[in-house]
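Peer 1: This structure is in structure tokens; I'll ask about it shortly.
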Amino acid sequence: MHPLLHTKDNTACEDLMVALEQCHAKGFLWKSMGMCNDEKALLTACLKTERIKMQSTNRNGVADKKDIIRQKWKEIDENS
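First residue of the sequence shown: 32, per my numbering; consecutive thereafter.
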């Protein structure tokens, strides 16, 4: 598994990552015959869900920061 996937942000998918690693550890033929496709599909879906949650959180954070900046500029304009 790519090292960047093993971060604190992806703890919800950790079981699926371990399952995929165990499947891949069974050998090249096991992987090449598509025996790990189910695990990979589940992991991809889980990571996508986590990414969407993170994007939503980031968008909300940016909106809050923009509101603060607008408020500060408004105060600056009023005091000028």
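Ideal placement from N, C-alpha and C gives every residue a C-beta, glycine not left out.
None of the values given here were measured: they were computed from a predicted structure.
Along the chain, where does the alpha helix (DSSP H) containing Asp95 start, and where does it finish?
Peer 2: Position 64 of the sequence shown holds residue 95. Its alpha helix (DSSP H) spans residues Asn68 to Asn110.
Peer 1: Lys105 to Arg90, Cα distance in whole Å?
Peer 2: Locating residue 105 in the sequence shown gives position 74, where the first residue counts as 1. Locating residue 90 in the sequence shown gives position 59, where the first residue counts as 1. If I take the Cα positions, the gap works out to 22 Å.
Peer 1: Quick check on DSSP: helix, strand or coil for Lys39?
Peer 2: Mapped onto the sequence shown, residue 39 falls at position 8. In the structure shown, Lys39 sits in a helix (DSSP, three-state: H, G or I).
Peer 1: To the nearest whole angstrom, what separates the beta carbons of Cys67 and Leu51, a pair I think is in contact under 8 Å?
Peer 2: Numbered from 1 along the sequence shown, position 36 holds the residue referred to as residue 67. Numbered from 1 along the sequence shown, position 20 holds the residue referred to as residue 51. Their Cβ separation, rounded to whole angstroms, is 6 Å, which keeps Cys67 and Leu51 in contact under 8 Å.
Peer 1: On the three-state DSSP scale, how would you describe Met64?
Peer 2: Numbered from 1 along the sequence shown, position 33 holds the residue referred to as residue 64. Three-state DSSP puts Met64 in coil, outside helix and strand.
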